[in-house]
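>
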Amino acid sequence: MATVDTVEIERVPTPLRCLKMNVLEELSRKLNPRHNTKDFRYLAGLMNYTYEMVKNLEREKNPTAYLVSEWAMCHASGGEPKTVGDLLELLKEMRRDDAVEILKPFEFTGPHSYQDYLNYVGSPLRSQIPPYHFQNGSRPYQEVLANIQHTVFHNFGSPLASEPRPPVRSSNLQHVVSDKVALVIGNQKYVNKRLQGLVYSEKDAYDMAHVLSELEFKARVVSLVNLTLAEMRIAVLMFCRLLENGVKRGRLGNNIFAYSCSSQHEAYEEPGQTNGLYALHLLRHIKRDERIEFILMDVARDVSMASNRNLIQRPCHESDAVFDCRLCDKIAPSNLSGEFMETMKLWMQAHHLPKKTLPIRQDGIVVSFEYITPFSNVLEVRILATNETPFARHEVVMDFSVPTPVKAELAHISGDFLAENGGSLQQRVLLSRLQKQEDPIEVTFKMMYTIDEEVIDWEVPVQLGCPLVSSVFEKWDWWITCGRLPAQKSTQV
Numbered sequence: 001m002a003t004v005d006t007v008e009i010e011r012v013p014t015p016l017r018c019l020k021m022n023v024l025e026e027l028s029r030k031l032n033p034r035h036n037t038k039d040f041r042y043l044a045g046l047m048n049y050t051y052e053m054v055k056n057l058e059r060e061k062n063p064t065a066y067l068v069s070e071w072a073m074c075h076a077s078g079g080e081p082k083t084v085g086d087l088l089e090l091l092k093e094m095r096r097d098d099a100v101e102i103l104k105p106f107e108f109t110g111p112h113s114y115q116d117y118l119n120y121v122g123s124p125l126r127s128q129i130p131p132y133h134f135q136n137g138s139r140p141y142q143e144v145l146a147n148i149q150h151t152v153f154h155n156f157g158s159p160l161a162s163e164p165r166p167p168v169r170s171s172n173l174q175h176v177v178s179d180k181v182a183l184v185i186g187n188q189k190y191v192n193k194r195l196q197g198l199v200y201s202e203k204d205a206y207d208m209a210h211v212l213s214e215l216e217f218k219a220r221v222v223s224l225v226n227l228t229l230a231e232m233r234i235a236v237l238m239f240c241r242l243l244e245n246g247v248k249r250g251r252l253g254n255n256i257f258a259y260s261c262s263s264q265h266e267a268y269e270e271p272g273q274t275n276g277l278y279a280l281h282l283l284r285h286i287k288r289d290e291r292i293e294f295i296l297m298d299v300a301r302d303v304s305m306a307s308n309r310n311l312i313q314r315p316c317h318e319s320d321a322v323f324d325c326r327l328c329d330k331i332a333p334s335n336l337s338g339e340f341m342e343t344m345k346l347w348m349q350a351h352h353l354p355k356k357t358l359p360i361r362q363d364g365i366v367v368s369f370e371y372i373t374p375f376s377n378v379l380e381v382r383i384l385a386t387n388e389t390p391f392a393r394h395e396v397v398m399d400f401s402v403p404t405p406v407k408a409e410l411a412h413i414s415g416d417f418l419a420e421n422g423g424s425l426q427q428r429v430l431l432s433r434l435q436k437q438e439d440p441i442e443v444t445f446k447m448m449y450t451i452d453e454e455v456i457d458w459e460v461p462v463q464l465g466c467p468l469v470s471s472v473f474e475k476w477d478w479w480i481t482c483g484r485l486p487a488q489k490s491t492q493v
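Residue numbers (the UniProt record's numbering): 1 to 493.
#1: Round the Cβ separation of residue 363 and residue 395 to the nearest angstrom and send it over; I've been treating them as touching at under 8 Å.
#2: Work out the CA separation of residue 313 and residue 264 for me, nearest whole Å.
#3: With 16 as the cutoff for other CB atoms within 10 Å, does residue 305 come out buried or exposed?
#4: Select from 442, 355, 319 the residue whose C-alpha is nearest the C-alpha of residue 59.
#5: If the criterion is Cβ atoms closer than 9 Å, does the pair residue 369 and residue 399 meet it?
#6: Out of 409, 407, 376, which has the shortest C-alpha to C-alpha gap to residue 470?
#7: Counting pairs of beta carbons, one from the region 185-193 and one from the region 221-232, are three or more of them closer than 8 Å?
#8: When you compare each of 397, 422, 409 to residue 455 by their alpha carbons, which one comes out closest?
#9: On the premise that residue 61 lies in contact with residue 214, defined as a C-beta separation below 8 Å, what is that separation, rounded to the nearest angstrom?
#10: According to the neighbour-count rule (16 or more other Cβ atoms, all chains shown, within 10 Å of its Cβ), is residue 289 buried or exposed?
#11: Does DSSP put residue 47 in a helix, in a strand, or in coil?
#12: Using only CA atoms, which one of 66, 46, 54, 53 lies nearest to residue 89?
#13: Any contact between the region 21-35 and the region 65-74? By contact I mean 3 or more CB pairs, one from each, below 8 Å.
#14: Given residue 435, which residues of its chain have a CB within under 6 Å of its CB, disregarding the five upstream and five downstream residues?
#15: Excluding sequence positions up to five away, which residues of its chain have a Cβ less than 8 Å from the Cβ of residue 92?
#16: Do you know offhand how far residue 367's Cα is from residue 461's?
#17: Judging by CA-CA distance, which residue of 365, 401, 19 is the nearest neighbour of residue 390?
#18: CB residue 425 to CB residue 432, shorter than 9 Å?
#19: I believe residue 307 touches residue 55 by the beta-carbon criterion, under 8 Å. Please report the beta-carbon distance rounded to the nearest angstrom.
#20: Along the alpha helix (DSSP H) that carries residue 85, what are the first and last residues, could you check?
#21: Considering just the uninterrupted stretch of the beta strand (DSSP E) at residue 494, what are its terminal residues?
#22: What is the DSSP secondary structure of residue 263, reduced to helix, strand or coil?
#23: For residue 203, report the span of its beta strand (DSSP E) as first-last.
#24: What do you get for residue 405, buried or exposed, if any count of 16 or more other CB atoms within 10 angstroms of its CB means buried?
#25: Since I believe residue 181 is in contact with residue 241 (beta carbons under 8 Å), could you give me their beta-carbon distance rounded to a whole number of angstroms?
#26: Three-state secondary structure (DSSP) at residue 195?
#27: Alpha carbon to alpha carbon, what distance is there between residue 464 and residue 357?
#28: Using the C-alpha atoms, what's the distance from residue 192 back to residue 13?
#29: What residue ranges within the region 377-460 form continuous beta strand (DSSP E) runs of no fewer than 3 residues, ordered along the chain?
#30: For residue 229, does the three-state DSSP call read helix, strand or coil?
#31: What residue range is occupied by the uninterrupted alpha helix (DSSP H) comprising residue 279?
#32: Express the C-alpha separation of residue 384 and residue 298 in angstroms, rounding to a whole number.
#33: Nearest-angstrom Cα distance between residue 203 and residue 50?
#34: Would you give the residue range spanned by the alpha helix (DSSP H) that residue 103 belongs to?
#35: For a quick check, are the C-beta atoms of residue 403 and residue 360 less than 9 Å apart?
#36: Exposed or buried, which one is residue 84 when buried takes at least 16 other CB atoms within 10 Å?
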């Protein structure tokens, strides 16, 4: 009769430094999103971190992973190793049952030593720790800590932007994306007096949209300026509606968020520059063929170095992207859904200009119009008046009368004297707030001048239809309800 010897493995608390990296990643997805009394910042407070330390922690690519690893290593070096159970007590105090559920299976383990633990349950750290010759069957404690720290920084990013970066892509492979779309909003003309005085917001939005177009976003970039809160909600909802079926959110995540300054801080504009401080440095780096997080780290470094002693701006970013995502990747359309393609057509309507207007001929003067779009809700009308008669026109005035709520602003005028026999005058008018227009736009072009002290004036209607984003906002209910409701214009969200 055969006998079987059984060995009872003693259950001991799992050292926090031995927590698997995939478990730490799953925990980070729960605690990284900001929530008062529920996120990594509150956890850091329970760990007795100071306010300044927490603010620096916010700049990390993965603050939860960095916090837990640092907390475990600092206490371990002091002779008081922390366990998974210690972390569970803090999470229970925060009432984060979802995080407790993730860590509970790893609270205890059988083996006594760290090396035995690696051999018993396996760890992703094992393949990354360089070979080491053990003496007397044990590994020096400092060597274990050094390699854990190296692995954490390798996987989650070093706090130093200039740290040497490991290669993450093969140069022999061509990486592509199925499509690229972008929504750019720049608010500069606020009604609230406390928010007035900005200089570069519209310029930042214009330059950013232009650079994204050069990165193959092209007509897929919708840029809007000076929106109300309700209008921004509509624009963002339409953008999210577009992405819902076009971009799948997998368990590994693909979201990257960048902020020009940290929480409770301010972003600054420096006189004499071409852009705001953050946009200035972002535009310098954004075309690089490099992972997006690395670009954002370098932008944060440059902005911090450009800040003076009295005005300090500290950018930050958050990311749950595991793969190497780059803005310069080429587009290779894959099997996108028919609904996404239909939605994409509507999105691209935000670039449709008015139909070509035939030249106006009146009293020997020919007036032609050209339409250009600086933003998706701003239409630039370039007017050219040519005199085909042998009589000069003096005190010439050209006016573009638009219906409310569209606003017309004179951007440029070449003069008020229209010479005879081919003399010309040029004028540029900006039509803004197109997102507020409910009906097709009909403007009235008026011209006034004098000939031999006789005042002459005339006017002609010009049909613009629903140009640019006005056609998209008209159908916003279709976006939100996936086509189940008829199009109805509304700006109340």
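For each residue, glycine too, the CB sits at the ideal point set by N, CA and C.
For clarity, every value in this text was computed on a predicted model and none was experimentally measured.
Working from what's here:
#1: Not a contact, Cβ separation roughly 15 Å.
#2: Straight across, the Cα-Cα distance linking residue 264 with residue 313 is about 11 Å.
#3: Exposed, by the Cβ-count rule.
#4: Comparing Cα positions, the closest option is 319.
#5: Taking 9 Å as the cut-off, the beta carbon of residue 369 is found no closer than this to the beta carbon of residue 399.
#6: Among 409, 407, 376, the Cα nearest to that of residue 470 belongs to 376.
#7: Taking a cut-off of 8 Å for Cβ pairs, the region 185-193 and the region 221-232 touch, as three or more such pairs fall below it.
#8: For residue 455, the nearest C-alpha among the options comes from 397.
#9: Wrong, their Cβ atoms sit about 27 Å apart, outside the cutoff.
#10: Per the 10 Å Cβ criterion, exposed.
#11: Coil at residue 47, not helix or strand.
#12: Of the listed residues, the one whose Cα sits closest to residue 89 is 46.
#13: With the cut-off at 8 Å, the region 21-35 and the region 65-74 touch.
#14: Closer than 6 Å at the Cβ level, and outside the excluded window around residue 435, lie 231, 377, 469, 473.
#15: Same-chain partners within the cutoff: 100.
#16: Their Cα atoms are separated by approximately 13 Å.
#17: Looking at the Cα atoms, 365 is the closest of the given residues.
#18: Contact check for residue 425 against residue 432 fails: the beta carbons are separated by 9 Å or more.
#19: Not really, about 15 Å apart at Cβ, beyond 8 Å.
#20: Unbroken alpha helix (DSSP H) run through residue 85: 84-93.
#21: The chain is shown from 1 up to 493; residue 494 falls before or after that span and cannot be answered.
#22: It is coil, neither helix nor strand.
#23: Note, residue 203: premise wrong, no beta strand (DSSP E); alpha helix (DSSP H) at 201-214.
#24: A residue is called buried once 16 or more other Cβ atoms fall within 10 Å of its Cβ, and residue 405, having fewer, is exposed.
#25: About 11 Å separates the two Cβ atoms, so there is no contact after all.
#26: If DSSP states are grouped into helix, strand and coil, residue 195 belongs with the helices.
#27: Near 8 Å, if we compare the C-alpha coordinates of residue 464 and residue 357.
#28: Answer to the nearest angstrom: the Cα atoms are 57 Å apart.
#29: The DSSP assignment places complete beta strand (DSSP E) segments of no fewer than 3 residues inside the region 377-460 at 378-387, 394-401, 407-413, 424-432, 441-451, in order along the chain.
#30: Residue 229: helix per DSSP, three-state reduction.
#31: That run of the alpha helix (DSSP H) goes 277-285.
#32: Approximately 46 Å, taken between the alpha carbons.
#33: In this model, residue 203 and residue 50 are separated by some 39 Å (Cα to Cα).
#34: 97-103 is the span of the alpha helix (DSSP H), which, as asked, contains residue 103.
#35: No, the pair does not count as a contact, with Cβ atoms beyond the cut-off.
#36: With 16 or more other Cβ atoms within 10 Å, it is buried.
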